[in-house]
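Below is one structure; the comments refer to it alone.
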Amino acid sequence: MSIEIKNVTKTFGKVRALEDVSLIFESEKIYGLLGRNGAGKSTLLNIISNRLVKFDGEVLIDGEDAVENDKMQSKVFLMSEVDNYPSSMKVKDIFKWTKEFYPDFDIQKANGLAEKFSLETKKSIGALSTGYRTIAKFIVAIMSNAPYTFLDEPILGLDANHRDLVYKTILEQYGENPRTIVISTHIIEEVASLLEDVVILNEGRVIKTDSVENLISSGYGVSGKAQDVDEFTKDKNVIGSDSVGALKTAYVLGKDNITSVPESIEIIPINLQKLFIELTGEGK
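Taking this note's numbering, the leading residue of the sequence shown gets -13, the next gets one more, and so forth.
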């Protein structure tokens, strides 16, 4: 059980949004689909969910072609950045109609979540603020119980309390109903603790795909006086650095033998957000 993307390329006029993308989303995992704005995240999700059907390559859902395949597409739910509901439609009616297309949609729990988020379900979706439209779309997506649930920017416009509630809800619902959840975002620090595996897109290409544990353990920081740091890292794969006055921190990719460390420098861990920034920075 998986979604397999094979050599997918998508262009819009002269712009190549995706280039030869191949990857697998396995069942019952929480993924992070990470990339800067314009990296191709939303394009990839729209292709998987059959909202874009003209592309080169192949998408398979549980071994079957995903294009114009209603049976396979019924396993996929995409929470999109775009507002696809009629602006006059009330939230409670969105819940009702979602149940028609996704029989496992839990209206009772959806209403319970709406209360937790202080979402007024009698309001039309167009009358809600950006944050509350995001909340409404998130509740619909997570309560669809679709085997493949894609959340595209699920914290857009949310305050700190609501973001925290979103993260807790994802973990709770995954625990109750394990499935593949893909969180597409360029805001990484807060979601890092939720993720098992990560796919990093940059300029339409997959540049990394691995478990969070492996990614973090594959890099480290070297901190100290600039000349000492440069000397220690001269034969290593430095992917970026920060400097403040005479002090410098260099970020190294690769599991080098770092047992012999001069006292003048310090080896520090690198978190997922910093690794992402250095891998996708200008010119990378």
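Heads up, the beta-carbon is just placed ideally off N, CA and C, and yes, glycines get one too. Please read these numbers as outputs of a predicted model, since none were measured by experiment.
Original post:
Using the C-alpha atoms, what's the distance from F81 back to P89?
Top reply: Translated into the one-based positions of the sequence shown, residue 89 becomes position 103. Translated into the one-based positions of the sequence shown, residue 81 becomes position 95. The straight-line gap from Cα to Cα measures roughly 11 angstroms.
Original post:
By Cβ distance below 7 angstroms, which residues in the same chain neighbour G269 in space, the five residues on each side in sequence not counted?
Top reply: Start at 1 with the first residue of the sequence shown, and residue 269 comes out as number 283. Its pLDDT being 49, under 50, G269 is placed unreliably by the model, and the measurement read from it follows with that caveat. Taken in chain order, the list of residues that qualify is empty.
Original post:
Just the Cα atoms here: how many angstroms apart are K57 and L137?
Top reply: Residue 57 sits at position 71 when you count from the first residue of the sequence shown. Residue 137 sits at position 151 when you count from the first residue of the sequence shown. Between the C-alpha atoms of K57 and L137 there is a straight-line separation of about 21 angstroms.
Original post:
What's the C-alpha gap between Q213 and L261?
Top reply: Taking the first residue of the sequence shown as position 1, residue 213 is located at position 227. Taking the first residue of the sequence shown as position 1, residue 261 is located at position 275. The straight-line gap from Cα to Cα measures roughly 23 angstroms.
Original post:
Are I121 and Q159 close, meaning C-beta to C-beta below 7 angstroms?
Top reply: Locating residue 121 in the sequence shown gives position 135, where the first residue counts as 1. Locating residue 159 in the sequence shown gives position 173, where the first residue counts as 1. Cβ distance not < 7 angstroms, so I121 and Q159 don't count as in contact.
**OP:** Per DSSP, which residues does M65 bridge with? Please list them.
**Re:** Taking the sequence shown and counting its residues from 1, one reaches residue 65 at position 79. In the DSSP assignment, the residues bridged to M65 are L137.
Original post:
Per DSSP, which one or two residues make a beta bridge with E(-10)?
Top reply: Walking along the sequence shown from the start, residue -10 turns up at place 4. According to DSSP, E(-10) bridges with I10, L46.
**OP:** Look at the alpha carbon of E141 and the alpha carbon of R119, and state the distance between them as a whole number of angstroms.
**Re:** The residue given as residue 141 occupies position 155 in the sequence shown. The residue given as residue 119 occupies position 133 in the sequence shown. Correcting the residue identity first, residue 141 is Ile in this sequence and not Glu. Spanning the alpha carbons of I141 and R119 requires a straight line of approximately 10 angstroms.
**OP:** Sort out for me which residues DSSP pairs F24 with in a bridge.
**Re:** In the sequence shown, residue 24 corresponds to position 38, counting from 1. Note on identity: in this sequence residue 24 is Gly, with Phe being the wrong assignment. According to DSSP, which records beta bridges pairwise, G24 is partnered with nothing at all.
Original post:
Should D221 go down as buried or exposed, given a rule of 16 or more other Cβ atoms within 10 Å for buried?
Top reply: To locate residue 221, count along the sequence shown from 1; it is residue 235. Result: exposed.
**OP:** Count the other C-beta atoms from every protein chain shown that fall within 10 angstroms of the C-beta of D145, then say buried if there are 16 or more, exposed otherwise.
**Re:** On the sequence shown, residue 145 is found 159 positions in, with the first residue counted as 1. Answer is exposed; the Cβ neighbour count stays below 16.
Subject >> Close beta carbons around I244, own chain, < 8 angstroms, minus the five adjacent residues each side >> reply: The residue you call residue 244 lines up with position 258 of the sequence shown. Only Y206, I253 meet the Cβ criterion.
**OP:** Go to R119, then tell me how far its alpha helix (DSSP H) extends in each direction, as first and last residue.
**Re:** Start at 1 with the first residue of the sequence shown, and residue 119 comes out as number 133. Per DSSP, R119 belongs to the alpha helix (DSSP H) from 116 to 129.
Subject >> Nearest candidate by alpha-carbon position, reference D196, set T116, N(-7), L9, L64 >> reply: Counting from 1 along the sequence shown, the entry for residue 196 is found at position 210. Taking only the C-alpha atoms, the option nearest D196 is L9.
Subject >> Terminal residues of the alpha helix (DSSP H) in which S203 lies >> reply: Looking up residue 203 in the sequence shown gives position 217. Per DSSP, S203 belongs to the alpha helix (DSSP H) from 198 to 203.
**OP:** Taking all protein chains shown into account, decide if Q59 is buried (16 or more other Cβ within 10 angstroms of its Cβ) or exposed.
**Re:** Residue 59 sits at position 73 when you count from the first residue of the sequence shown. With 16 or more other Cβ atoms within 10 Å, it is buried.
Subject >> Counterpart residues of F41 in DSSP-defined beta bridges >> reply: As a working note, residue 41 is residue 55 in the sequence shown. Beta-bridge pairing links F41 to no other residue.
Original post:
Which term fits L265, buried or exposed, when burial requires 16 or more other beta carbons within 10 angstroms of its beta carbon?
Top reply: Counting from 1 along the sequence shown, the entry for residue 265 is found at position 279. Counting Cβ neighbours within 10 Å, L265 comes out buried, since at least 16 surround it.
Original post:
Which residues mark the beginning and the end of the beta strand (DSSP E) in which N188 is found?
Top reply: Mapped onto the sequence shown, residue 188 falls at position 202. From DSSP, the beta strand (DSSP E) with N188 extends over 183 to 188.
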